[in-house]
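These notes concern the structure reproduced below.
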Ligand code: CP
Ligand code: NVA
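Numbering (this note's numbering), first residue to last: 46 to 355.
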């Protein structure tokens, strides 16, 4: 089974740095490497909506010399319940890698177990590891380092972004704090895994129900929608408990004066983030969105090199 990227801790600290370095090279030189020249194809499959992921993988695969085969799962036989393993066996004879945005983490794991090509998690209910690669690349560029920085995420502590910050940040040696209401804490097993990773990296991981305590001295402040894809029916319940976790000017006053602000987008101004913050001088969200392109090109190049033994 080739190396896949299904969760943030699928990369060691050293491998994460290799990918950030390569991503920076791609940012400086868009056509630095073309491992998909041919063009060879990569399947990019969506079970959920997307703008950034669809665009950045499509453009990135094309810039790597390849052909992005974008599949809306509902219009394919996957939408009618064809087994994941059968889909994997059909795709892997024709494409070099499979990128998939879906619901359960078990689904990308099943694809990776059956496929003879790398599988990339383009967001599941549990993790969004490609986003956090781009986010950490953005922070590294803004701050010159990752290890030792304090990253605070406010909002739904049980969602994919919170979990990916915990794991990806802990691998990088950051001090990751999740501030969220009771009932919306990170998955205990993922928090425990982040703490285990942090023991090796010199970072730390924690949860706090006090937004103010979580923000104390933060170098990076991150947030995300309170209503993730698939939770639209709960949007009434997912408003008032989160109001104290809004990233607004008051929240920013508890962070370090030079803190940068991340949001994976799409953003809901006036809900999880105030317009004055996302559109203000501390926001790096547009670099963050651009870095999806560079980070994912680096990731695919790295995974293809591993799979091809080069
Ligand atoms: N941040 C992110 O993954 O955006 P899309 O849902 O638009 O792909
Ligand atoms: N947590 C959000 C991220 C969107 C990119 C969701 O899953 O909808």
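All residues carry an ideal CB built from backbone N, CA and C; glycine is no exception.
Nothing here was measured: the structure is a model prediction, and the numbers come from that model.
**Item:** Expected contact under 8 Å - CB spacing of residue 263 and residue 196 to nearest Å
**Value:** 7 Å
**Prompt:** Cβ of residue 311 versus every heavy atom of ligand 1: is any distance shorter than 7 Å?
**Reply:** yes
**Asked** Where residue 397 and residue 293 are concerned, what is the direct C-alpha to C-alpha distance, given to the nearest angstrom?
**Response** A query on residue 397 cannot be resolved here, the shown segment of the chain reaching from 46 to 355 and no further.
**Request:** Using only the heavy atoms of ligand 2, determine whether one of them is closer than 7 Å to the beta carbon of residue 183.
**Result:** no
**Cβ pair residue 200, residue 225 closer than 8 Å** = yes
**Asked** Should residue 209 be counted as a contact of ligand 3 given a C-beta to heavy atom distance under 7 Å?
**Response** The ligand content of the structure shown is limited to ligand 1 and ligand 2, which means ligand 3 is not among them.
**Asked** Does the distance from the C-beta atom of residue 251 to that of residue 229 stay below 8 Å?
**Response** no
**Prompt:** Is it the case that the CB of residue 168 approaches a heavy atom of ligand 1 more closely than 7 Å?
**Reply:** yes
**Asked** Beta carbon of residue 168, beta carbon of residue 204: below 8 Å?
**Response** no
**Request:** Alpha carbon to alpha carbon, how far is residue 97 from residue 337? Give it in angstroms, no decimals.
**Result:** 8 Å
**Request:** Mind listing, in chain order, the continuous alpha helix (DSSP H) runs of no fewer than 4 residues lying wholly within the segment 116-193?
**Result:** 129-136, 150-159 and 174-188
**Item:** Where residue 308 sits in the DSSP three-state scheme
**Value:** strand
**Request:** Run the proximity test for residue 176: is its beta-carbon closer than 7 Å to any non-hydrogen atom belonging to ligand 1?
**Result:** yes
**Selected residue, minimal CA-CA separation from residue 88, among 232, 285 and 107** = 107
**CB-CB length for residue 157 against residue 51, believed under 8 Å** = 6 Å
**C-alpha gap between residue 136 and residue 348, whole angstroms** = 17 Å
**Message:** Tell me the DSSP secondary structure of residue 76 in three-state form.
**Reply:** coil
**Asked** For residue 288, does the count of other Cβ atoms within 10 angstroms reach 16, so buried, or fall short, so exposed?
**Response** exposed
**Prompt:** CB-CB under 7 Å to residue 134, same chain, minus the five flanking residues each way: which ones, in chain order?
**Reply:** 159
**Asked** When every heavy atom of ligand 1 is checked, does at least one fall within less than 7 Å of the C-beta of residue 222?
**Response** no
**Asked** Between which two residues does the alpha helix (DSSP H) carrying residue 102 extend?
**Response** 97-108
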